[in-house]
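Residue numbers (my numbering), protein chains in the order written: chain A, 9 to 158; chain B, 49 to 248.
Right, here's the structure in full:
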């Protein structure tokens, strides 16, 4: 992500320091992570110390300071999904992608996270990829679903 | 500026509006322990060791005296059984982070806190924020800040700023109520891990 685009996002928020989180969120959603250079640019333009930006960027889970994959997999490990076999779904995804929760594979294809509830317990076990919900997953269906993503 | 009368430990105390309980107590020589306080910095209320009982119109609440402003007819107790118990618990929790801190050990003796009450997790940092706030408020360099949250919260130097500013300052080191070495350690770590292109 180049400085021009970052400046554009900042200008959209009139360069207000109070819009810091909004600016960071937009960079995060476009770039999928927050590179150090981007944070330095935001710090300079919004006149917010880098320590403060670092504090905020590490506080919220929505921000990532390391590159994320093109597709984000969220596997629900909540109680309902757990008793319906979320662990098997997770194991399948781990085997196929070779990454553990919180990690990203080398090709930047997938990032894997576990979550504690996605709010649709009747569909358990639930897996969400890039915001699309896959419900009532069996290990075989999980493997099929993953194949659709490039 | 209107005058406010309040009672601290049974003594009538006159205070100015806008003063905190801690300041009012100190003005008449009543000692309240503090860890995260520094006269050059804004009150922060991180350590909670200055917790006191404040009673107003029959309601008693526990407040951090370094932040709570004085009120008319407030009755403050700085050493009740409850306050002592809370300070003891806070000290035990802090000691699990920094078991060797002199300042904490002295307080522990006074309040009968057992430094082995909780499993040790010696990070040395008790999150008082003195170094972070001193760097931001007094030096205005913002070289050190907090990162992460909850149990994983810790201080971290920004290598690009630290490599320029810190070696000639180091004023935050003696402020640390636990181990000044910790700040030095983290600083060194930050400088080593920063890539050569950034250091000047």
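C-beta atoms are modelled at their ideal positions from N, C-alpha and C, and glycine is treated no differently. Owing to the predicted nature of the structure, the values given are computational and were not obtained by experimental measurement.
Checklist entry - Residues bridged to residue 193 of chain B by DSSP? => result Its beta-bridge partners are B:204.
Checklist entry - How many Å lie between residue 180 of chain B and residue 48 of chain A at the Cα? => result Rounded to the nearest whole angstrom, the CA to CA distance from residue 180 of chain B to residue 48 of chain A is 19 angstroms.
Item to check | Reduced DSSP secondary structure (H/G/I, E/B, other) of residue 150 of chain B | outcome: Three-state result, residue 150 of chain B: helix.
Item to check | Test: residue 238 of chain B CB closer than 8 angstroms to a CB of chain A | outcome: No, residue 238 of chain B lies away from the interface with chain A (no Cβ there is under 8 angstroms from its Cβ).
Checklist entry - Using the C-alpha atoms, what's the distance from residue 134 of chain A back to residue 85 of chain A? => result Taking the straight line joining both Cα atoms gives about 8 angstroms.
Item to check | Inter-residue Cα distance where the pair is residue 136 of chain B and residue 126 of chain B | outcome: Computed Cα separation, rounded: 14 angstroms.
Item to check | Rounded Cβ spacing between residue 70 of chain B and residue 114 of chain B (contact assumed at less than 8 angstroms) | outcome: About 5 angstroms; that satisfies the 8 angstroms criterion.
Checklist entry - Can at least three beta-carbon pairs, one atom from the region 136 to 145 of chain A and one from the region 96 to 109 of chain B, be found at a separation below 8 angstroms? => result Fewer than three beta-carbon pairs drawn from the region 136 to 145 of chain A and the region 96 to 109 of chain B are found closer than 8 angstroms, and the two stretches are therefore not classed as touching.
Checklist entry - For residue 124 of chain B and chain A, any beta-carbon pair shorter than 8 angstroms? => result Cβ-Cβ to chain A under 8 angstroms: no for residue 124 of chain B.
Item to check | At least 3 beta-carbon pairs within less than 8 angstroms: the region 60 to 67 of chain A vs the region 105 to 118 of chain A | outcome: No, because fewer than three Cβ pairs between the region 60 to 67 of chain A and the region 105 to 118 of chain A fall closer than 8 angstroms, the two stretches do not touch.
Item to check | residue 248 of chain B (DSSP reduced to helix, strand or coil) | outcome: Note that residue 248 of chain B scores 37 on pLDDT, short of 50, meaning its location in the model is unreliable and no value can be drawn from it.
Checklist entry - Are there 16 or more other CB atoms within 10 angstroms of the CB of residue 94 of chain A, so buried, or fewer, so exposed? => result It is buried - the Cβ of residue 94 of chain A has at least 16 other Cβ atoms within 10 Å.
Checklist entry - Looking at the C-beta of residue 57 of chain A, does it have a partner C-beta in chain B at a distance below 8 angstroms? => result Put simply, the CB of residue 57 of chain A is near chain B, with a gap under 8 angstroms to one of its CB atoms.
Item to check | Span of the alpha helix (DSSP H) around residue 62 of chain A | outcome: For residue 62 of chain A, the uninterrupted alpha helix (DSSP H) run begins and ends at 58 to 67, by DSSP.
Item to check | Whole-Å CB distance - residue 83 of chain B paired with residue 151 of chain B, under 8 angstroms assumed | outcome: About 7 angstroms separates the beta carbons of residue 83 of chain B and residue 151 of chain B, which is inside the 8 angstroms limit, making them a contact pair.
Checklist entry - Got a sec? Which residues, its chain only, sit under 6 angstroms from residue 237 of chain A by beta carbon, not counting five neighbours each side? => result Since the first residue of chain A shown is 9 and the last is 158, residue 237 of chain A is not available in this structure.
Checklist entry - Among all the DSSP beta bridges, which residues are the ones paired with residue 64 of chain B? => result In DSSP, residue 64 of chain B forms a bridge with B:51.
Next on the checklist: If I follow the unbroken alpha helix (DSSP H) through residue 130 of chain B, where does it start and stop?
Outcome noted: Per DSSP, residue 130 of chain B belongs to the alpha helix (DSSP H) from 129 to 145.
Next on the checklist: What would DSSP say about residue 120 of chain A, mapped onto helix, strand or coil?
Outcome noted: Residue state for residue 120 of chain A is assigned as strand, using DSSP reduced to three classes.
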